[in-house]
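Below is one structure; the comments refer to it alone.
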Amino acid sequence: MAAFGLSLRDLPEEICEVWPDVWPAFQVFEAMSTQWRTGACGATGLDYTSIRDVAGFLGLTRAQVTDIFHDLRVMEAEALRVMAEQRGNK
């Protein structure tokens, strides 16, 4: 978080429910938190070459990774949108 100028104080203190059908994708997305590709303007996306390894460390099969890939991309897109908004690039 610090690499993006964020701290724990920037996180809302609200409970966020994760639906059971996207829980595996959320676990992978959270575990990928150090796998962002960055450029001069901040994060540009997740490093997709790390997804299979990270998912494997969490016990997911290759078929499960295929099943959750779309959900990961949705989370990635929303995270990129929020980061851009916080940089003032709405």
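Numbering (my numbering), first residue to last: 573 to 662. Heads up, the beta-carbon is just placed ideally off N, CA and C, and yes, glycines get one too. Keep in mind it's a predicted model, so treat the numbers as computed, not measured.
Note to self: Taking its Cβ as the centre, do 16 or more other Cβ atoms sit within 10 Å of Val590, making it buried, or is it exposed?
What the structure shows: Within the sequence shown, the letter at position 18 stands for residue 590. Burial state of Val590 is exposed, judged by a 10 Å Cβ sphere holding fewer than 16 other Cβ atoms.
Check: Does the distance from the C-beta atom of Gly617 to that of Leu652 stay below 8 Å?
Finding: Stepping through the sequence shown from its first residue, residue 617 is reached at position 45. Stepping through the sequence shown from its first residue, residue 652 is reached at position 80. Cβ distance < 8 Å, so Gly617 and Leu652 count as in contact.
Check: To the nearest angstrom, how far is it from the Cα of Phe641 to the Cα of Val654?
Finding: Position 69 of the sequence shown, counted from the first residue, corresponds to residue 641. Position 82 of the sequence shown, counted from the first residue, corresponds to residue 654. Straight across, the Cα-Cα distance linking Phe641 with Val654 is about 20 Å.
Notebook entry, point to check: By the 10 Å Cβ neighbour count, where 16 or more other Cβ atoms means buried, how is Pro596 classified, buried or exposed?
Noted result: Position 24 of the sequence shown holds residue 596. Per the 10 Å Cβ criterion, buried.
Item checked: C-alpha gap between Asp639 and Ala627, whole angstroms -> In the sequence shown, counting from the first residue as 1, residue 639 sits at position 67. In the sequence shown, counting from the first residue as 1, residue 627 sits at position 55. Here the alpha carbons of Ala627 and Asp639 stand approximately 12 Å from one another.
Notebook entry, point to check: Do you know offhand how far Cys588's Cα is from Ala603's?
Noted result: Within the sequence shown, the letter at position 16 stands for residue 588. Within the sequence shown, the letter at position 31 stands for residue 603. Between the alpha carbons of Cys588 and Ala603 lies a gap of roughly 17 Å.
Note to self: Less than 8 Å between the beta carbons of Val600 and Leu630, yes or no?
What the structure shows: Position 28 of the sequence shown, counted from the start, is the residue given in the question as residue 600. Position 58 of the sequence shown, counted from the start, is the residue given in the question as residue 630. Cβ atoms of Val600 and Leu630: closer than 8 Å.
Margin query: Measuring only the C-alpha atoms, how far is Arg634 from Ile623?
Written below: To locate residue 634, count along the sequence shown from 1; it is residue 62. To locate residue 623, count along the sequence shown from 1; it is residue 51. Roughly 10 Å between the two C-alpha positions.
Next item on the list: With DSSP collapsed to three states, give me the class of Trp608.
Entry: Indexing the sequence shown from 1 puts residue 608 at position 36. In this structure, Trp608 counts as strand in the three-state DSSP scheme.
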